[in-house]
Each structure stands twice: as C-alpha cells, then as structure tokens.
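When we follow full-length UniProt numbering, the leftmost residue of the sequence shown carries the number 1, and every step to the right adds one. Glycine is no exception: its CB is placed at the ideal position from the N, C-alpha and C atoms. This one's a predicted model, so the numbers in the text were calculated from it and none came from an experiment.
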Amino acid sequence: YQGCVKTPSQWEHICDSKCKGTRQSPVNIDTDKAIFDSSLTNFTFSNFSYPHSISHLVNTGHTVKCVLENNVVTVKGGGLRYEYASTELHFHWGNTTYPGSEHSVNQNRHLMEMHLVSLRKGLTVQNAVEDPEGIAVLGFFIDVGYSNNIKLKLTGTSDKETPEAWKNLTSHLVKITNISTNITMNRVVSISDLLNGVNLSKFYRYNGSLTTPTCDEAVVWTVFQEPISVKLPNCLVQDFILSMFLFSLFLNAEGFCNL
C-alpha cells in the first residue's frame, strides 16, 4: 500500500481502518461451495462501447488508474439493487511466474485483474464507503498470451485478432512512469473493447470490502468467470508486461482469504 510501511497483515492497526472486519476482500472463490442464485440476472451497461469514456490515466504509485468521464458509464441489473455510475478502471498484476490477480478461484490466480469501480448513484464518495452497498466493483481476470500469427499493424491494414484497445492503452503507460503523473487518453479505448468479448452472463457475487486501507466494507463484488484474453504478437508480450512493471518494483497483489 503506497505511503504505508505496514504490510496487509498489519493494516488493521492503521487509524480508522476497517481491515479487521468480517467481510474483507479479496477472497478465494471455492466453486464447490458456490450456490446458484436465480436473482443474478443479466447486467445492463450504459456506454460500455463509448470510445472516449476514459478521461486520463494516473500513476498512483501502486497501480495505473484510468479515470472515467463523469456520469458516462453506468451499471445496473445483475442482481444489484441500485444503479451505479462508474468512476475508474484500475489493474493488479504479477508476472509469468507469480500471477498477480487479487481474487483466486480454487486457489488459482491469473496474471492480472482489472477492476471497474462504480459508486451508487446519488451518493458522494464519503457516503458510499459508509453504505454496505455503496460501491459496486466488477472484477475481470486477464490472461496475456501471444500468437505468431498476429501481425503488427505496420502497413495500414488491420488485423481482427489484434486487440487495438489494449495496444492503445499500453502505449500511454510508458509516459507516466513517475508517481502522481497523468496523461490524457487521446486514443480510442472503450470498456467493451477492453473486455474483448468476455462472457458477461457468468459471474460470482459476494459482499466485501475495498482491498486497500481503510478496507471499508462497502463493496458489492462481481467477479466474472471467464478471463479477458489478451493475445499480442510474440514481440509485444514482454513489452506489454514490462509496461505494467514500470509502476512498481514489487507485485501489487494483496493477500486473500477463503470464501
């Protein structure tokens, strides 16, 4: 946790911390214990395909945060009791030998995890962290692979397999390697394109918390079963992962408890 010398196991001692609560995140999802819930209907997303929903990128010191345009992207349905306005995307990552997703499924973790953070409409940030359903976070696992069949777009021709949104996003990361720096997103990146066709109808749901201090237990978590598959040309895979590493010397994945 940036600016804090305490490890996650010591976060409970931070002033005003809720990190010793009973519904802390992240968790390990045991699929054998997961219970089907018919109330978890399909989501309704607003402006997920809007190509300019990301306003700017910020290096927070422990992650890259994509700040969204105000009141553009919204989320409702999916068993949520309220409508939520999305405020940011951020990432948690590891490397090819130590996966960095925050959540795990049957003790297995993925290379990365992306979070879409949304506040309940009508609430301020302060009100939201004090409400058990004040924040809705959609969590997406990310697997990065390569394909020798994917060619770089050098001749003006497009390759349908090449995830342009991810290439556009990654191209901005090398410009904000210093903590607290930011850059305006001036290339086309929609949330829908980042999801790259992932199945949005299958997901896990639990009530949890923010994963960094003060660990407020105000989050309705949705963790999608199917990971986002980001396939890049072989020569770009290492550059993609390296770009993410430029933000920290250590993994920013947290510890987790069993669910």
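Measuring CA to CA, which of Ile176, Val117 and Val105 is closest to Lys33? Translated into the one-based positions of the sequence shown, residue 33 becomes position 33. Nearest C-alpha to Lys33: Val105.
By how many angstroms is the C-alpha of Tyr204 removed from the C-alpha of Thr222? Along the sequence shown, one-based indexing puts residue 222 at 222. Along the sequence shown, one-based indexing puts residue 204 at 204. Their backbone Cα atoms lie some 6 Å apart in a straight line.
For Ala136, which three-state DSSP category applies? Against the sequence shown, residue 136 aligns to sequence position 136. Strand at Ala136.
I need the boundaries of the beta strand (DSSP E) containing Lys65, first residue and last residue. To locate residue 65, count along the sequence shown from 1; it is residue 65. Run containing Lys65: Val64 to Leu68, per the beta strand (DSSP E) assignment.
How is Ser46 classed by DSSP in three states: helix, strand or coil? The residue given as residue 46 occupies position 46 in the sequence shown. In this structure, Ser46 counts as strand in the three-state DSSP scheme.
Do the stretch 43 to 58 and the stretch 176 to 185 make contact, defined as three or more Cβ pairs closer than 8 Å? yes
Report buried or exposed for Asp216, applying the criterion of at least 16 other Cβ atoms within 10 angstroms of its Cβ. The residue you call residue 216 lines up with position 216 of the sequence shown. When all chains shown are included, Asp216 counts as buried.
Could you pull out every residue in the same chain whose Cβ sits closer than 6 Å to the Cβ of residue 261, ignoring the five residues on either side in sequence? Given that the chain is displayed from residue 1 to residue 259, the structure contains no residue 261 and the question cannot be resolved.
Between which two residues does the alpha helix (DSSP H) holding Ala128 run? Start at 1 with the first residue of the sequence shown, and residue 128 comes out as number 128. First-last of the alpha helix (DSSP H) with Ala128: Val125 to Val129.
Do you know how far the Cα of His115 is from the Cα of Val144? If you number the sequence shown from 1, residue 144 lands on position 144. If you number the sequence shown from 1, residue 115 lands on position 115. Going from the Cα of Val144 to the Cα of His115 covers about 16 Å.
Return the chain-ordered list of same chain residues with a C-beta closer than 8 Å to the C-beta of Pro227, the five sequence neighbours on each side being excluded. Counting from 1 along the sequence shown, the entry for residue 227 is found at position 227. For Pro227, where only same-chain residues beyond five positions count, the Cβ hits under 8 Å are His110, Phe140, Phe141, Ile142, Asp143 and Val198.
Whole-angstrom Cβ separation of His92 and Thr63, contact assumed at under 8 Å? If you number the sequence shown from 1, residue 92 lands on position 92. If you number the sequence shown from 1, residue 63 lands on position 63. Right, their Cβ atoms sit about 7 Å apart.
Beta-carbon separation of Ser118 and Val72 under 8 Å? In the sequence shown, the residue the question calls residue 118 occupies position 118. In the sequence shown, the residue the question calls residue 72 occupies position 72. No, Cβ-Cβ distance for Ser118 and Val72 is not below 8 Å.
Through-space distance from Ala85 to Asn70, alpha-carbon basis: Stepping through the sequence shown from its first residue, residue 70 is reached at position 70. Stepping through the sequence shown from its first residue, residue 85 is reached at position 85. Rounded to the nearest angstrom, the two C-alpha atoms are 8 Å apart.
Own chain, CB closer than 7 Å to Asp131, minus 5 neighbours either side, in chain order: To locate residue 131, count along the sequence shown from 1; it is residue 131. Answer for Asp131: Arg120, Leu123 and Ala218, listed in chain order.
What is the DSSP secondary structure of Asn168, reduced to helix, strand or coil? In the sequence shown, counting from the first residue as 1, residue 168 sits at position 168. Asn168 falls in the helix class under three-state DSSP.
If I measure Cβ to Cβ from Ser39 and keep anything under 7 Å in the same chain, skipping five residues before and after, which residues do I get? Position 39 of the sequence shown holds residue 39. Here the set comprises Gly79.
Residues bridged to Asp143 [DSSP beta-bridge criterion]: Here residue 143 refers to the residue found at position 143 of the sequence shown. DSSP output for Asp143 lists Ser229 as bridge partner(s).
Can you list, in chain order, the residues of its chain with a C-beta nearer than 6 Å to that of Phe48? Leave out the 5 residues immediately preceding and following it. Translated into the one-based positions of the sequence shown, residue 48 becomes position 48. Same-chain partners within the cutoff: Ile191 and Ser192.
Span of the beta strand (DSSP E) around Ile29: Against the sequence shown, residue 29 aligns to sequence position 29. First-last of the beta strand (DSSP E) with Ile29: Val27 to Ile29.
Report the partner residues of Val220 according to the DSSP bridge assignment. On the sequence shown, residue 220 is found 220 positions in, with the first residue counted as 1. DSSP output for Val220 lists Ala136 and Asn207 as bridge partner(s).
So, at 7 Å on beta carbons, what are the nonlocal neighbours of Leu236 in its own chain, with the 5 sequence-adjacent residues on each side left out? Locating residue 236 in the sequence shown gives position 236, where the first residue counts as 1. Because Leu236 carries a pLDDT of 48, less than 50, the predicted location of this residue cannot be relied on, and no value is offered for it.
With a CB to CB cut of under 6 Å and the five nearest residues on each side skipped, what residues in its chain are close to Trp166? Position 166 of the sequence shown, counted from the start, is the residue given in the question as residue 166. Here the set comprises Val230.
If we count the other Cβ atoms within 10 Å of its Cβ and call it buried at 16 or more, is Lys18 buried or exposed? The residue given as residue 18 occupies position 18 in the sequence shown. Lys18 is buried by the Cβ-count criterion.
When the cut-off is 8 Å and only beta carbons count, does Tyr98 lie next to chain B? The structure shown has no chain B; it contains just one protein chain.
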